[in-house]
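Asker: Using our numbering, read the sequence shown as starting at 1 and increasing by one per residue.
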Amino acid sequence: MIERSTSPTFRAPAQQVQAPTASKHLGTTLRRVWQEVSEDNLSLVSAGVAFYAFLSLVPALSAVISIWGLFATPERLQAQLVTLQGVVPPNVFGLLREQMQRVAETNSNSLGFGALGSALVSLWISKKGVEAIIDATHIAYDEEDERSLVRRTLVALGLTVVSAVVFVLTVGLALLVPLALAQLGIATASATLFSVLRWPLLGRIVFSALCVLYRLTPRRVTRWREVLPGASIAALAWLVLSAAFSLYASEFANYQRIYGSLGAVVALLLWLWLSSYIVLVGAELNSEVYPSAQSAD
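Written out as structure tokens, the structure is:
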């Protein structure tokens, strides 16, 4: 009789403290993430990543336009460029127009060499930005990258290609596809439906890319489930940031009058910096949710 009555009494306290313990663990994890973000100077590292990303855009743009010029006449290029007027900021449109004029004055052989050279320069600069993210991930996991130079370079190049594809898809879904729908005269209802559905699609693309990034950058072999917390939070935060930035860009004319010709540069750099910061915070979150990863070989 005594054993029966004491057995439930013994187990009850353990069941009652489970929820507070989980809550404390979540709060502790978030505090540690914030502390690690400050100690690892992620704001400074993300600024470096944003700088390399911005620096790579000019040769990338030159490469794209040069390749485009190999398959289209200068007149057709100018006609297609007009469709972007009023959609992109005036500074960006002016840069595109200058590049188009350069293409019109260049023969096809020079365009081919120019496209190849610009693509290589853009790839090298972009790789430097990806290497900065890789180094920041190692800092987040409190580890040193002991991989060989060849393997490290291959990982950086692979992630650079993934980043470029994600960037193209993001720009296409956020800007070019809506522009194409407007030019083709698609019904307003269809355009509205796309404007709503593009954000979940963008979120899925970014989430998948972040999973690959967080899976490959640490030195140790990381399981897929160990990258889900950071990838989920970072993708959601990036969507909120991009939606806010898109709304902000819709008022770009006012911003342009205030800051003048530097308006487009400031806005783009701000978006790249915040995007890089979000990605690195996601890596810190993964390292804290699965702390055993920090001490593993």
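Where is the CB? At the ideal position from N, CA and C, for every residue including glycine. This one's a predicted model, so the numbers in the text were calculated from it and none came from an experiment.
Pull up the distance between the alpha-carbon of S43 and that of V161, whole angstroms please.
Answerer: Along the sequence shown, one-based indexing puts residue 43 at 43. Along the sequence shown, one-based indexing puts residue 161 at 161. When rounded, the distance between both Cα atoms is 24 Å.
Asker: So, helix, strand or coil for T170, using DSSP?
Answerer: Start at 1 with the first residue of the sequence shown, and residue 170 comes out as number 170. T170: helix per DSSP, three-state reduction.
Asker: Identify which residue in V45, V289, R215 has its Cα closest to the Cα of A132.
Answerer: Reading the sequence shown from its first residue, position 132 is the one you call residue 132. It is V45.
Asker: Quick check on the burial criterion: 16 or more other C-beta atoms within 10 angstroms. Buried or exposed for W224?
Answerer: The residue you call residue 224 lines up with position 224 of the sequence shown. Result: exposed.
Asker: How long is the line joining the alpha carbons of P229 and L285, rounded to whole angstroms?
Answerer: To locate residue 229, count along the sequence shown from 1; it is residue 229. To locate residue 285, count along the sequence shown from 1; it is residue 285. For P229 and L285, the distance between alpha carbons rounds to 7 Å.
Asker: Within the same chain, show all residues whose beta-carbon is closer than 6 Å to that of D40, passing over the 5 residues directly before and after it, in chain order.
Answerer: Working through the sequence shown from its first residue, we reach residue 40 at position 40. Hits under 6 Å: I139.
Asker: State the DSSP-derived secondary structure class of R152, mapped to helix, strand or coil.
Answerer: Working through the sequence shown from its first residue, we reach residue 152 at position 152. Note: R152 maps to helix in three-state DSSP.
Asker: Take T29 and list the residues in its own chain whose beta-carbon comes closer than 7 Å to its own, dropping the five residues that flank it on each side.
Answerer: Mapped onto the sequence shown, residue 29 falls at position 29. Excluding positions up to five away in sequence, the list reads E288, V289.
Asker: Using alpha carbons as the reference points, say which of V168, E146, I65, S276 lies closest to F113.
Answerer: Looking up residue 113 in the sequence shown gives position 113. Among V168, E146, I65, S276, the Cα nearest to that of F113 is on I65.
Asker: What residues in its chain sit with their C-beta under 7 Å from that of E146, if we drop five residues either side in the sequence?
Answerer: The residue you call residue 146 lines up with position 146 of the sequence shown. Cβ within range, chain order: R219.
Asker: Drop a sphere of 10 angstroms on the beta-carbon of W34, count the other beta-carbons inside from all chains shown, and report buried for 16 or more, exposed for fewer.
Answerer: Position 34 of the sequence shown, counted from the start, is the residue given in the question as residue 34. The residue in question, W34, is exposed, as its Cβ has fewer than 16 Cβ neighbours within 10 Å.
Asker: Alpha carbon to alpha carbon, how far is E143 from I125?
Answerer: Walking along the sequence shown from the start, residue 143 turns up at place 143. Walking along the sequence shown from the start, residue 125 turns up at place 125. Looking at the two C-alpha atoms, the distance is approximately 25 Å.
Asker: Can you tell me the Cα-Cα spacing of R198 and I205, whole angstroms?
Answerer: For the purposes of this step, residue 198 is identified with residue 198 of the sequence shown, where counting begins at 1. For the purposes of this step, residue 205 is identified with residue 205 of the sequence shown, where counting begins at 1. In a straight line, the C-alpha of R198 is about 10 Å away from that of I205.
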